[in-house]
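In our numbering, the protein residues as written are 30 to 342. Note that the Cβ used here is the ideal one computed from N, Cα and C, for glycine as well. Please read all numbers here as calculations on a predicted model, not as lab measurements.
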């Protein structure tokens, strides 16, 4: 088990290095000139050139790349070129909002997906057809379209929930929950439909196995056979896609944040890209990559615990 964990950690570290390196050189090729944002459109070419020299943007990309990793090893992601604030501080301010959507959405997707997938697999008939039809419909609808529809129905027409804004949990938990409701529904609907389909297929496969027939023959209640014994093995295939689901929701949170005007990492990233704020872009990429890879590492370890055969892969 130790060798399995160390191997996964090594892969995660390598992935952070590769993703960050690719991001660095892609950002270096961006046409956006941050000096125009800082100095304004009326600045002369000499003024822009002087500012580029002050910011170190006139140096070769390889030299800046080496300096970036030297600072990274010391835990320094640099400062924003636009507002001169530490990158790590800005990401830390915005990350809880995006994490709330992505992690909360992942947990809800797994719970909803497993429950409805299991019901569809065990009930069959019109219940199975209804759940499969609903899942297929939700999968075909983009998250941002669902978000706009939810705003039009529940915020604009019915005026039941706010269309935008964010309140920290520490300030007012009830208001936090109210503002989070529509974004969370928008981000969960389609993704839970995907988990539902996977859970249904996995449960149908498990229910055909011999040990399930043996358990039924011993007189165990059906709910115990399904929701305790069968569900444990049926959950293993679902667990393998939880990491991918989190990545999908983390990326989808960018659009959801735009629709609901949430001050998360998504909005910060779009602003940084639009103005060409290189340190801020790289800081967001690094933090996001580390977060996603750590979660995937935890899932890999958990999968190895549940399914010992995976340790030899």
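Excluding five sequence neighbours on each side, which residues of the same chain lie with their C-beta closer than 8 Å to the C-beta of residue 45?
As a position in the chain shown, residue 45 is number 16, starting the count at 1. Around residue 45: 315, 318, 319, 322.
Buried or exposed: residue 53, going by 16 or more other Cβ atoms within 10 Å of its Cβ?
Taking the first residue of the chain shown as 1, we reach residue 53 at position 24. With 16 or more Cβ atoms within 10 Å of its Cβ, residue 53 is classed as buried.
Of the choices 176, 331, 310, 249, whose alpha-carbon is the least far from that of residue 55?
As a first step, residue 55 is located in the chain shown; it is residue number 26 there, counting from the start. For the residues 176, 331, 310, 249, the minimum Cα distance to residue 55 belongs to 310.
Taking the continuous alpha helix (DSSP H) assigned at residue 38, which residues delimit it?
Mapped onto the chain shown, residue 38 falls at position 9. Segment 31-57, the alpha helix (DSSP H) holding residue 38.
Which parts of the stretch 55-133 are runs of the alpha helix (DSSP H), unbroken and 4 residues or longer, counting only runs that do not cross its ends?
63-68, 74-84, 90-102
Can you tell me whether residue 232 is buried or exposed? The criterion is at least 16 other CB atoms within 10 Å of its CB, across all chains shown.
Start at 1 with the first residue of the chain shown, and residue 232 comes out as number 203. Buried, because 16 or more other Cβ atoms sit within 10 Å of the Cβ of residue 232.
Tell me which same chain residues have a C-beta within less than 7 Å of the C-beta of residue 215, skipping the five on either side of it?
The residue you call residue 215 lines up with position 186 of the chain shown. So the qualifying residues of the chain are 172, 175, 176, 179, 285.
Taking the alpha helix (DSSP H) that residue 174 belongs to, which residues open and close that run?
Stepping through the chain shown from its first residue, residue 174 is reached at position 145. Its alpha helix (DSSP H) spans residues 172-179.
Distance, Cα to Cα, residue 272 vs residue 325?
What you label residue 272 is simply residue 243 of the chain shown in a count that begins at 1. What you label residue 325 is simply residue 296 of the chain shown in a count that begins at 1. Computed Cα separation, rounded: 5 Å.
Measure the C-alpha to C-alpha separation of residue 106 and residue 127 and round it to an integer number of angstroms.
Taking the chain shown and counting its residues from 1, one reaches residue 106 at position 77. Taking the chain shown and counting its residues from 1, one reaches residue 127 at position 98. Roughly 20 Å separates the two Cα atoms.
Whole angstroms is fine: what's the gap from residue 111's alpha carbon to residue 80's?
Against the chain shown, residue 111 aligns to sequence position 82. Against the chain shown, residue 80 aligns to sequence position 51. Roughly 12 Å separates the two Cα atoms.
Let me know the secondary structure DSSP gives residue 270 once reduced to three states.
The residue labelled residue 270 in the question sits at position 241 within the chain shown. In the three-state DSSP reduction, residue 270 falls in the coil class, being neither helix nor strand.
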